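Residue numbers (full-length UniProt numbering): 1 to 306.
In what follows, a structure is listed as structure tokens, so that the remarks can point back to it.
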Ligand SMILES: CC(C)(COP(=O)(O)OP(=O)(O)OC[C@H]1O[C@@H](n2cnc3c(N)ncnc32)[C@H](O)[C@@H]1OP(=O)(O)O)[C@@H](O)C(=O)NCCC(=O)NCCS
């Protein structure tokens, strides 16, 4: 336990030297499977593998494989990621693994030595958690009507949200499963009823874009605390412009408005996930002021881990 604590403290120091926006490393959960590896210089590294299965009607299945093995590495300041991934691969040999499965690791984007190890073991940088700190508002000329969505807008919000799911399924982690429409309808109906921060952009009275957001608190004990500095954050969950209207400045206008409103609600910054292989969002988000904080390394099916 002492050495696990030592590794957590050393890992926090590693994170701090890599990127000032990273929160300290957190203790891994106690209910996972522990793996360890010894390095050539005698240093020991460890990791906890957490295994999760998502029910057929779980909304998580729209962006995740049905069964996931997630590694929470404890490598301290060492270059032990490669050795740990080798141990993880051996551990998977003892498991029965189907097709709808994945291996996942969240790791600081700026840790390029670890990135080399992830690539060598067959993991791909499928998603990035990007952050943007509050900055003075950018003046974007407004040509659209932007308004808060209400429960009456459910069908419009649903169609725009499904358009994003479909586009992202070609270039990222999302999956258009047969129950996608029903799952999205249920989740969006709930968010609209709870007056979540969701906006529609309209041109000539027709909705052309959606920004579906939330306010998330990063405080000790919350899951957000493992990823973000403390404070109230705006979470940009889904931005979708109608296919025929993309590339004409609509997304930029809507996002500038959403930022302004989320900051008015007290957000110190905003964050989101985007897929580096998405040729639109990988350009769009950095242009709106986002930069990578965490990379989600993933391989599907889980047996493809090398
Ligand atoms: C990503 C998306 C929301 C951007 O909205 P948009 O209205 O198309 O984007 P805008 O016209 O406002 O363009 C803003 C910037 O994005 C980039 N961009 C827009 N279209 C682009 C294209 N076809 N290729 C590359 N970059 C593009 C440009 O850098 C542009 O800025 P600039 O004109 O100052 O250079 C929209 O294209 C979309 O809905 N895509 C499909 C779903 C999706 O990927 N959603 C995001 C998931 S995280």
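Idealized CB from N, CA, C, for every residue including glycine.
Just so you know, these numbers come straight off a predicted model, no measurement behind them.
Check: Between the beta-carbon of residue 258 and the beta-carbon of residue 199, is there less than 7 Å?
Finding: Going by C-beta atoms, residue 258 is nearer than 7 Å to residue 199.
Check: If you compare alpha carbons, which of 236, 265, 263, 264 is closest to residue 251?
Finding: Closest by alpha carbon: 236.
Note to self: Comparing C-alpha positions only, which one of 177, 278, 213, 204 sits nearest to residue 194?
What the structure shows: The option with the nearest alpha carbon to residue 194 is 213.
Next item on the list: Assign residue 18 to one of three DSSP states: helix, strand, or coil.
Entry: Residue 18 falls in the helix class under three-state DSSP.
Checklist line | Top-ranked residue by Cα proximity to residue 189, from 202, 215, 205, 149 | finding: The shortest Cα separation from residue 189 among 202, 215, 205, 149 belongs to 149.
Check: Per DSSP, residue 229 is paired with what?
Finding: In DSSP, residue 229 forms no bridge with anything.
Check: Going along the chain, which unbroken runs of the beta strand (DSSP E) with 3 or more residues stay wholly within the segment 77-147?
Finding: The segment 77-147 contains these whole beta strand (DSSP E) runs: 101-108, 124-133.
Check: Taking Cβ to Cβ, would you say residue 218 is nearer than 7 Å to residue 211?
Finding: No. Outside cutoff.
Check: Among 129, 254, 180, 179, which residue has its Cα nearest to the Cα of residue 145?
Finding: When C-alpha distances from residue 145 are compared across 129, 254, 180, 179, the shortest belongs to 254.
Notebook entry, point to check: Could you give the residue range of the alpha helix (DSSP H) that holds residue 258?
Noted result: 250-264 is the extent of the alpha helix (DSSP H) around residue 258.
Next item on the list: Taking all protein chains shown into account, decide if residue 260 is buried (16 or more other Cβ within 10 angstroms of its Cβ) or exposed.
Entry: When all chains shown are included, residue 260 counts as exposed.
Item checked: Any non-hydrogen atom of ligand 1 closer than 6 Å to residue 156 Cβ -> Distances taken from the Cβ of residue 156 to the heavy atoms of ligand 1 include none shorter than 6 Å.
Next item on the list: For residue 197, count neighbouring Cβ atoms within 10 angstroms of its own Cβ and tell me buried if that reaches 16, exposed if not.
Entry: Looking at its Cβ environment, which holds 16 or more other Cβ atoms inside 10 Å, residue 197 is buried.
Notebook entry, point to check: Per DSSP, residue 51 forms a beta bridge with which residues?
Noted result: According to DSSP, which records beta bridges pairwise, residue 51 is partnered with 69.
Notebook entry, point to check: If you run the structure through DSSP and keep just helix, strand and coil, what is residue 234?
Noted result: Here residue 234 sits in strand by DSSP.
Notebook entry, point to check: If you drop the 5 nearest sequence neighbours on each side, which residues of the same chain put their C-beta closer than 7 Å to that of residue 63?
Noted result: Same-chain partners within the cutoff: 173, 174.
Next item on the list: Less than 8 Å between the CB atoms is what I'm expecting for residue 74 and residue 28, so what's the real figure, rounded?
Entry: Rounded to the nearest angstrom, the Cβ distance from residue 74 to residue 28 is 6 Å, consistent with a contact under 8 Å.
Item checked: heavy atom of ligand 1 below 6 Å from residue 250 C-beta -> Residue 250: yes, Cβ under 6 Å from ligand 1.
Check: Should residue 51 go down as buried or exposed, given a rule of 16 or more other Cβ atoms within 10 Å for buried?
Finding: Burial call: exposed.
Next item on the list: Examine ligand 1 and report whether any of its heavy atoms sits within less than 6 Å of the Cβ of residue 6.
Entry: Set against 6 Å, the gap from the CB of residue 6 to the closest heavy atom of ligand 1 is not smaller.
Margin query: Between which residues of its own chain and residue 241 is the CB-CB distance below 7 Å, once the five residues before and five after are set aside?
Written below: Cβ neighbours of residue 241 beyond the five flanking positions: 208, 209, 250, 251.
Checklist line | Inter-residue Cα distance where the pair is residue 304 and residue 101 | finding: Straight through space, the alpha carbons of residue 101 and residue 304 are spaced by roughly 10 Å.
Next item on the list: Report whether the distance from the Cβ of residue 382 to the nearest heavy atom of ligand 1 is below 6 Å.
Entry: The requested residue 382 is not part of the displayed model; the chain covers only 1 to 306.
Note to self: Restricting to Cα atoms, I'd like to know which of 232, 163, 36, 20 is closest to residue 7.
What the structure shows: Distance from the Cα of residue 7 is smallest, within the candidate group 232, 163, 36, 20, for 36.
Item checked: Residue environment, residue 57, which counts as buried when at least 16 other CB atoms sit within 10 Å -> Residue 57 counts as exposed, since fewer than 16 other beta carbons sit within 10 angstroms of its beta carbon.
Checklist line | Same chain only: Cβ atoms within 8 Å of residue 277, ignoring 5 sequence neighbours per side | finding: Non-local beta-carbon contacts of residue 277 in its own chain, meaning distances under 8 Å to residues more than five positions away in sequence, involve 126, 171, 172 in chain order.
Notebook entry, point to check: Between which two residues does the alpha helix (DSSP H) carrying residue 300 extend?
Noted result: Element bounds for residue 300: n/a, residue is neither H nor E.
Notebook entry, point to check: Beta carbon of residue 98, beta carbon of residue 71: below 7 Å?
Noted result: 7 Å or more divides the Cβ of residue 98 from the Cβ of residue 71.
Next item on the list: Give every residue of the same chain whose Cβ lies closer than 7 Å to the Cβ of residue 302, excluding the five residues on either side of it in the sequence, and list them in chain order.
Entry: Contacts found: 69, 92, 97, 101, 102, 103.
Note to self: For residue 32, list the residues DSSP reports as bridge partners.
What the structure shows: As far as DSSP is concerned, residue 32 takes part in no beta bridge.
Note to self: With H, G and I counted as helix, E and B as strand and the rest as coil, what does DSSP make of residue 215?
What the structure shows: Residue 215: strand per DSSP, three-state reduction.
Notebook entry, point to check: Relative to ligand 1, is the shortest distance from any of its heavy atoms to the C-beta of residue 208 smaller than 6 Å?
Noted result: Flag unset: Cβ of residue 208 not near ligand 1.
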